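Everything in the sequence shown is counted per the numbering used here, starting at 1 for the first residue and increasing by one.
We put the CB at the ideal spot given by N, CA and C, even for glycine.
Since this is a predicted model, take the numbers as computed values, not measurements.
Each remark here refers to the structure printed beneath this line.
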Amino acid sequence: MMNIQLQQQITPELSLYAYNDIPVLHLHHAVGTAKIALQGAHLFSWQPTHSKQDVLWLSDIEPFKAGNAIRGGIPICYPWFGNAGTPAHGFARTSLWQLSDYEINNDKVQLVFSLFSKHNIILAKIEMLFTEHCDLRFTHYGETGMENVQLALHSYFNIGNIANTSIANLPTTCFNSLTKSQETVPSPRTINENVDCIYTAPPQPTEIHDQANQRTLFVTHQNASDVVLWNPWHKATSSMAENGYQTMVCVETARIHRYLEAGETVAVRLSVK
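Set out below in structure tokens:
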């Protein structure tokens, strides 16, 4: 049972709610709407003014339980990816971040979220800029002893139907994480089974052709080494309904094979046409 309560009106455009016990920022502005959970600095809804549907997918059975990663939106997998450490995909997505800066203008909104260590030293920040696009800029600061730092902006995109969706501008080779082998794959790519592939990040934007909604989503990767394509298909997935896979596809902007140095920034720009 979801309990949503207003906690604080920060500005006319920005308000803080509690979704059960998770604090969530709501943005209502001329450029569009967005929702960001402070747990994980987790953007889970973005709908620019010119878009009929949300760009991001959120599980319709997401429980919003503190300490559990939110299924959908853009989880920040950091400082490691997958099972390179415990918990899986790092601690950033279940840690509370702070809204450390914001700027609201007529034609744009910038929100900055920061993650601090137990000694109150900054580990990372993510800047979100909302215009007709959504720009996410992640900067790793880290601490001594943080080795082999990885990142994935694990973006779940909202599509009308996976059967009528193709993903263009990805390479024709990838590492299949299910079979643990390099594979040759078609490009553009359609999905009709469980897919979990790591591509070398190409310079051009990834295009998600969402025919059911008659739109194209553009994902522009900056300073990434990898792009992950994921859809669980019929595989049971926590906090996801049995048919949830039909309306989502993950295209993740990542640094898996090339580790992050302190001070480095990885960014993604989301656009819809």
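Rounded separation between residue i and residue j - CA only
i	j	result
lysine 118	leucine 111	23 Å
asparagine 106	phenylalanine 130	11 Å
leucine 229	glutamate 264	23 Å
histidine 133	leucine 96	26 Å
histidine 140	valine 266	9 Å
alanine 163	leucine 6	39 Å
glycine 160	glutamate 143	42 Å
glycine 32	leucine 153	21 Å
leucine 99	glycine 67	19 Å
proline 203	lysine 180	25 Å
glycine 73	serine 45	6 Å
lysine 65	threonine 184	40 Å
serine 51	alanine 34	12 Å
glutamate 252	isoleucine 10	31 Å
glutamine 8	proline 205	38 Å
glycine 145	alanine 124	15 Å
leucine 16	phenylalanine 138	22 Å
threonine 262	asparagine 83	Note on residue identity: the sequence assigns alanine, not threonine, to residue 262. Rounded to the nearest angstrom, the two C-alpha atoms are 22 Å apart.
valine 24	isoleucine 126	16 Å
methionine 128	asparagine 194	31 Å
alanine 69	glycine 85	15 Å
glutamine 214	proline 48	16 Å
alanine 37	glutamine 182	36 Å
serine 155	cysteine 250	5 Å
threonine 94	asparagine 223	25 Å
methionine 1	isoleucine 22	14 Å
tryptophan 80	glutamate 147	10 Å
tyrosine 245	arginine 189	16 Å
Counterpart residues of residue i in DSSP-defined beta bridges
i	result
glutamine 222	Ala267
glutamate 252	Val228
tyrosine 156	Cys250
isoleucine 4	Tyr19
isoleucine 74	Leu43
Sequence-distant residues of the same chain with beta carbon closer than 8 Å to residue i, five excluded per side
i	result
serine 225	Thr200, Ala201, Ala254, Arg255, Ile256, His257 and Arg258
alanine 241	Ser59, Asp60 and Ile61
glutamate 13	Leu27, His28, His29, Ile104 and Val109
alanine 212	Ile159, Gly160, Asn161, Asn164 and Thr165
glycine 40	Ala69, Ile70, Pro75, Ile76, Ala92, Arg93, Thr94, Ser95 and Trp97
phenylalanine 116	Gln98, Ile122 and Leu123
For residue j and residue i, believed in contact at Cβ under 8 Å, the rounded distance
i	j	result
lysine 273	threonine 216	5 Å
serine 114	isoleucine 121	About 11 Å separates the two Cβ atoms, so there is no contact after all.
valine 55	leucine 270	6 Å
aspartate 101	threonine 165	Not really, about 36 Å apart at Cβ, beyond 8 Å.
alanine 227	histidine 221	The amino acid at residue 227 is misidentified as alanine; the sequence shows valine. At roughly 6 Å, the Cβ-Cβ gap stays under 8 Å, so valine 227 and histidine 221 are in contact.
proline 87	histidine 42	No, proline 87 and histidine 42 are not in contact; Cβ-Cβ is about 15 Å, not under 8 Å.
isoleucine 191	asparagine 231	5 Å
valine 219	valine 149	In fact, because the Cβ distance is near 22 Å, the residues do not count as touching under 8 Å.
Contact set for residue i: own chain, Cβ-Cβ below 6 Å, skip 5 residues either direction
i	result
tyrosine 78	Gly90, Ala92 and Leu151
serine 187	Leu170 and Thr172
isoleucine 208	Phe157, Ile167 and Leu217
arginine 71	Ser59, Glu62, Ser239 and Met240
cysteine 197	Cys174, Asn176 and Leu229
alanine 18	Gln5 and Gln7
aspartate 135	Leu129 and Arg269
Cβ shell of residue i (< 7 Å), same chain only, five flanking positions each side left out
i	result
asparagine 158	Gln53, Asp54, Val55, Leu56, Trp57, Thr247 and Met248
asparagine 3	Asn20
leucine 178	Asn194 and Asp196
request  = Entirely within the region 13-70 and at least 3 residues each: give me those beta strand (DSSP E) ranges in chain order.
outcome  = If we require 3 residues or more, the beta strand (DSSP E) runs fully inside the region 13-70 come out as 14-19, 22-29, 32-37 and 42-48.
query = Of all the beta strand (DSSP E) runs that stay within the bounds of the region 78-152, which reach a length of 3 or more residues?
reply = Runs found: 98-104, 109-116, 122-130 and 134-140.
ask   = What are the uninterrupted segments assigned as beta strand (DSSP E) that are 3 or more residues long and contained completely in the region 164-241, given in chain order?
value = Taking only runs of at least 3 residues, the beta strand (DSSP E) segments lying wholly in the region 164-241 are 165-168, 173-176, 181-184, 195-200, 206-210, 215-222 and 226-231.
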